[in-house]
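Quick notes on the structure that follows.
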Amino acid sequence: MPDQVRPTYSLRQRLDLIAGGMLFLVALGGCVALELARRQWQDTKLLQVLHEQERSVEEVIRAGEVLGTLRLQHQTLDPERITRVREGLQRLTKTLHTLQRGGTLVLSEDRLFQVKAVRDLRMLHRLKTAMAAVGRYWAHFDTLTGGEAARSLEGLVSLQQELSRDAQALRTFIQSLSTEAEGRSILAVIRASQLQLVVMFSGVLLFLIGALLHRHLITTPLQEIADGIGAMQRTGQLSKLPGRYSNELAVVASGFNQLAEQVEEQKRRLREQIVELERLNAELDQLSTMKDDFLETINHQLRTPVTSIRECIGLIRDGTLGPISDEQQPFVRTMEENALRLVNLIEEALDLSLLKSGRRPLQRQADDLTALLRQIRDGWQSMTPSCTVRLSCATLPPVYMDAKAIREVMDHLLRNALRHAPSDTEVLIEVRARDGVVEVSVHDQGPGISQEQQARLFQPFTHIQQPEAPGSQGSGLGLAFCRQVIERHRGAIRTESSEGHGTTFTFSLPIASERFLFEEICHRAEEEAGYEEGQFGLLLAVPADAGLTLPTAKEMIRQAELMLRRHTHRGDQFVWLDDLTFVIVAVTNQAGLEAMGLRLREVLRSNQLNVHLASAVFPLDGETPERLLEVARSRLIEPHRAGGHATIDPSRLGVS
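If you want this note's numbering, it's the position in the sequence shown, counting the first as 1, plus 8.
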């Protein structure tokens, strides 16, 4: 970023440094604890060795005292006991040497213990003193028990007294060694504990420093950024975020600020483009209106002179104005055909323009397509004796359509088929119902249409080029008109053709089932709601008493519909889902639908009609008719389950 100062330590580096310091202190504390445990174990073993030596010294001293007493009494000394005393003194001397220089000690039960050389001066002094005391005691013991000992009683008593003094000194020195070792162990524990406390205190201090840095470097900036974003969400206006920190969060804030500036710039440009588009749309609407008015004016202005021209041509053709020769007859027919073509072209252009602009609304309703197709077949058959127009149609359900517009579609398709069909051939109108729609196909045995022409067949002013039949082209607007009409019916139109094998045009129309009528009314309400608050609602009505007989329930729900129609607005639509369920669709918001529901429930209650009403609002409760119906059904059933009333069978709701 150009306005950003590069930090010496980034936020990540600082956090890594703090985390590394804490890990170091944790590792140091662990090492100190391990070292303390090791030293305590060594000191424990050393004290165990010294205590064993104390017991050994006591045994040696007691044995020496017994031998000294026997010597004074001039009794025979036990050689085995003398050997045990000397072995004890030898082990003691070896142990003291090992403690002084380091090595391996053999404990009781043949356990081994590795010791290091003593470096403490006081401990070394005590070890040397103890070894000297052992040496003196050993020397006096050998003198007392040897054959060259003093023979006088006074000498033996004096030697016994020296041996006792040496024994007491040896006992004192060994005990002082144990005391010194125990003191050193306690001192080592105290020092290690102090070091652990220092490490723990340092860790706590570092943690507090890290917490403060975390608050200063992360929490506070993030809170400021979050507050800034929240202010933007509340006000709907982009503003700069604070970026006074020299770390990664400042980079984020700076990037966000630059993005906000770009968004503001894009919004400004978008507003300008919207204004320009609104201006262009207004101009386009004006031009479209002018075009429609122009076509309508042309239609009215040209209809009279063209009609006059056709009448004059008719007078010439009939010989009213005088006889015409056989050579003149083809020219008269050509003039009459072109005049008729001109009239059709003007009318088709006007119809297509009005249909696209919405100025020609379709009056759709459930109607009998079979009867309409028979009328169309009979009319075209009477006008075209050279071809056979056959209708293949089984019994059809009612179709949701504008009969006049569908008649015009069939006229265009049959006109095209008969124009290109050879003489003495059949044009077949085939009708079949499947998957909720009725498909109508018009098949001829003409030369067919190439794949290239099929790709742009339904575009305006597209002519089917047939070299074998020059001059048979139409206006190029008929199929475009057909496509507009069928798509406005929520259907589809397609063509199937191959050169030399005829052409089939097929279009579909929706069957006027209860479900389709409900969806159609919902779509129409959604279009109307787009000009209001964008919401519409529905009220689902079913009999409340599940114990009623079917005829009684039907009669009651019919009475409820008649009663509610009197208390609803003209624009509210009623549609039946089955014999026991109907829906009221109203263009209103949630508050309006709730008020409407309360009012209609009171009407039903005052007329003693036990009918339940449940509501759902678009788009709050759902964005499709199926979802709205599902929500209304759930609200219809669940409250009565909780209240202990008879539940309503979902199969009677007109929905699965």
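Glycine included, C-beta positions come from ideal geometry on N, C-alpha and C.
Quick caveat, the model's predicted, so the values are computed rather than measured.
Would THR153 pass as a contact of LEU75 if the rule is Cβ separation under 8 Å? yes
In terms of residues, what are the limits of the beta strand (DSSP E) holding GLY110? Looking at the DSSP string, GLY110 is not in any beta strand (DSSP E), and its letter there is neither H nor E.
With a CB to CB cut of under 7 Å and the five nearest residues on each side skipped, what residues in its chain are close to LEU203? VAL40
Cα-Cα, which of MET571, LEU588 and LEU370 is closest to PRO559? LEU588
Would you mind giving the Cβ-Cβ distance between LEU380 and ALA411, rounded to the nearest angstrom? I have them listed as a contact below 8 Å. 6 Å
Reducing DSSP to helix, strand and coil, say where PRO518 ends up. strand
Through-space distance from GLU438 to GLN453, alpha-carbon basis: 14 Å
Beta strand (DSSP E) runs wholly inside the stretch 332-416, at least 3 long, in chain order: 373-375, 396-401 and 407-409
Per DSSP, what kind of secondary structure is GLY479 in: helix, strand or coil? Here GLY479 scores only 42 on pLDDT, less than 50, and its place in the model is too uncertain to base an answer on.
Identity of the residue in GLY508, GLU507 and LEU517 nearest CYS490 by Cα: LEU517
Output the distance between the C-alpha atoms of GLN274 and LEU570, rounded to the nearest integer angstrom. 56 Å
The beta strand (DSSP E) enclosing PHE149, as first and last residue numbers: Looking at the DSSP string, PHE149 is not in any beta strand (DSSP E); the run it does join, the alpha helix (DSSP H), is 129-153.
Should LEU617 be counted as a contact of the ligand ZN given a C-beta to heavy atom distance under 7 Å? The ligand content of the structure shown is nil, which means the ligand ZN is not present either.
On the premise that TYR408 lies in contact with PHE524, defined as a C-beta separation below 8 Å, what is that separation, rounded to the nearest angstrom? 6 Å
Starting from LEU55, follow its DSSP beta bridges and name the residues at the other end. The partner list for LEU55 (beta bridge, DSSP) is empty, contrary to what the question assumes.
Around the Cβ of PRO455, are there at least 16 other Cβ atoms within 10 angstroms (buried) or fewer (exposed)? buried
For ILE324 versus ALA347, is the C-beta spacing smaller than 8 Å? no
Let me make sure I understand the geometry here. Which of ILE494, MET343 and GLU507 has the alpha-carbon closest to that of GLN462? GLU507
DSSP bridge partner residues for GLN122 (one or two, in chain order): THR112
Where does the unbroken alpha helix (DSSP H) through ILE684 begin, and where does it stop? With the chain running from 9 to 664 in the structure shown, residue 684 is simply not present.
Using the rule of at least 16 other Cβ atoms within 10 Å of the residue's Cβ for burial, across every protein chain shown, is LEU644 buried or exposed? buried
Have a look at VAL142, ALA196, LEU185 and GLU610 and flag the residue whose alpha-carbon is nearest the alpha-carbon of ALA175. VAL142
Should GLN492 go down as buried or exposed, given a rule of 16 or more other Cβ atoms within 10 Å for buried? buried
3 or more residues per run - each beta strand (DSSP E) lying fully within the stretch 567-605: 581-586 and 589-594
Which residue spans inside the stretch 167-245 form an unbroken alpha helix (DSSP H) run of at least 4? 228-243
Look up ASP452 in the DSSP assignment and give the residues it is bridged to. THR511
Among ILE414, ARG613, PHE264 and LYS124, which residue has its Cα nearest to the Cα of ILE233? PHE264
Measuring only the C-alpha atoms, how far is HIS497 from CYS401? 21 Å
DSSP state of PHE524 mapped onto helix, strand, coil: helix
Put ILE317 into one of helix, strand or coil per three-state DSSP. helix
Given ALA125 as reference, the closest of GLY444, THR106 and SER449 once Cα atoms are compared: THR106
Tell me the DSSP secondary structure of GLU434 in three-state form. strand
Distance between ARG70 and ILE90 (C-alpha atoms, nearest Å): 12 Å
With 16 as the cutoff for other CB atoms within 10 Å, does GLY662 come out buried or exposed? Only weak support exists for where GLY662 lies, its pLDDT of 43 falling under 50; the value from the coordinates is given anyway. It counts as buried.
Distance, Cα to Cα, LEU213 vs GLY29? 11 Å
Burial state of LEU377 (16 or more Cβ within 10 Å): buried
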